[in-house]
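First the structure, in the form of structure tokens, and then the observations on it.
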Amino acid sequence: MNLEFSNLYSIYMLIFGLVVGSFLNVIIIRLPKTLKVIWANSNKCTDLTSDNFSIYKNMLWKGRSKCSHCNSVIRAQDNIPILSYLLLRGICPKCKNKISIQYPIVETITGGCFFILFFIAETMLQWGILALFFSFLIVLFTIDINEMILPDILTIPLLWIGLLINISGYFVKLDDAVIGAFLGYAILWSIFWLFKLITGKIGMGYGDFKYMSALGAWLGWQSIPSILLIASILGITFGIVASRKSSKKSLQFPFGPFLSIAGGILIIVNLNDTFSFADLSNL
Ligand SMILES: [Zn+2]
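First residue of the sequence shown? That's 263 in the numbering used here, and the numbers climb one at a time after it.
Quick look at the structure:
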């Protein structure tokens with residue numbers, strides 16, 4: 263991006279990313295709890311229906327952040343991204359229990375992504391769209407690690423936003439985005455049933471299909487083989503390493519985090535592809 267004082271702007275983006283990361287932490291912690299309350303009401307539908315509205319309002323948006331151990335309200339000065347964690351040395355000032363390392367990690371990764379995206383994006387609008395995409399990836403990554411779920415209320419909007427953004431071919435042609443959304447779901451669905459019929463085991467969840475569908479909507483069907491290849495290699499590598507360390511026979515781990523990493527890599531590679539193809543045709 264050719265902005266004057268771009269170095270200064272990039273620092274703003276880093277700080278903005280740290281603040282957004284702190285907000286993403288709130289979603290990561292509170293959304294699964296909110297969904298569990300909705301499910302406990304024997305309500306399968308987690309949409310923002312009139313029944314669910316007050317649950318979302320009270321559990322997701324209301325109330326200050328609290329310590330997960332002693333439930334004491336975290337003071338504003340202890341709620342500064344990363345800095346507070348470092349100053350408190352990762353320990354709650356009230357109960358002296360450890361504060362989850364997840365907080366500073368999510369903040370650092372979000373800040374880092376927003377910072378790096380500033381140098382990759384061609385316009386401020388593109389930076390904003392990429393920052394939104396990466397925020398979804400980070401939240402889905404972390405929630406899937408914590409809870410082994412990829413909530414519909416995140417994956418479905420991500421899919422719609424992807425299709426909307428590509429209406430006039432922002433990242434890929436709309437045709438490619440629609441086919442991508444379909445194939446993303448269909449391919450994983452087929453693998454799921456094939457695996458289940460052959461082995462009798464469940465290898466993935468329906469959240470994975472919807473997440474892959476959303477990535478197909480953003481990146482087009484052409485990116486699906488690469489996403490699956492990267493995610494599978496990462497997943498298999500992780501599986502081998504984890505099974506060596508673990509004594510458990512059947513090891514269960516989420517697939518969503520690998521989809522997040524693959525989706526993040528692919529959107530950046532695709533952006534750079536347009537440059538390199540243009541460069542090649544100029545030769
Ligand atoms: Zn505490």
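Built from N, CA and C at the ideal position, the CB exists for glycine as well.
Predicted, not measured: the structure shown is a model, and the values here were computed from it.
Item: Expressed to the nearest angstrom, what Euclidean distance is found between the alpha-carbon atoms of Ile492 and Thr499?; Value: 11 Å
Item: Identify, in the order they occur along the chain, each residue of the same chain with its Cβ nearer than 8 Å to the Cβ of Thr296, setting aside the five sequence neighbours on each side.; Value: Ile317, Tyr318, Met321 and Leu322
Item: Let me confirm a value: Val401 is counted as buried when at least 16 other C-beta atoms fall within 10 Å, else exposed. Which label applies?; Value: buried
Item: Ligand 1 heavy atoms versus the CB of Asn428: any closer than 7 Å?; Value: no
Item: My understanding is that Gly525 touches Leu399, with C-beta atoms under 8 Å, so please give their C-beta distance in whole angstroms.; Value: 6 Å
Item: Among Phe471, Trp389, Ile460 and Tyr271, which has the Cα closest to the Cα of Phe433?; Value: Trp389
Item: Does at least one heavy atom of ligand 1 sit under 7 Å from the Cβ of Lys356?; Value: yes
Item: How would you label Phe376, buried or exposed, when you count the other beta carbons within 10 angstroms and need 16 or more for buried?; Value: buried
Item: Contact between the segment 464-472 and the segment 402-422: three or more CB pairs below 8 Å?; Value: yes
Item: Report the residue from Leu286, Gly279 and Ile530 whose alpha carbon sits nearest the alpha carbon of Ile405.; Value: Leu286
Item: When the Cβ atoms of the segment 326-334 are set against those of the segment 344-351, are three or more pairs found closer than 8 Å?; Value: no
Item: If you follow the alpha helix (DSSP H) that Arg506 is part of, which residue opens it and which one closes it?; Value: Ile486 to Lys507
Item: Please state the DSSP three-state secondary structure of Ile353.; Value: strand
Item: Would you mind giving the Cβ-Cβ distance between Ser488 and Leu528, rounded to the nearest angstrom? I have them listed as a contact below 8 Å.; Value: 6 Å
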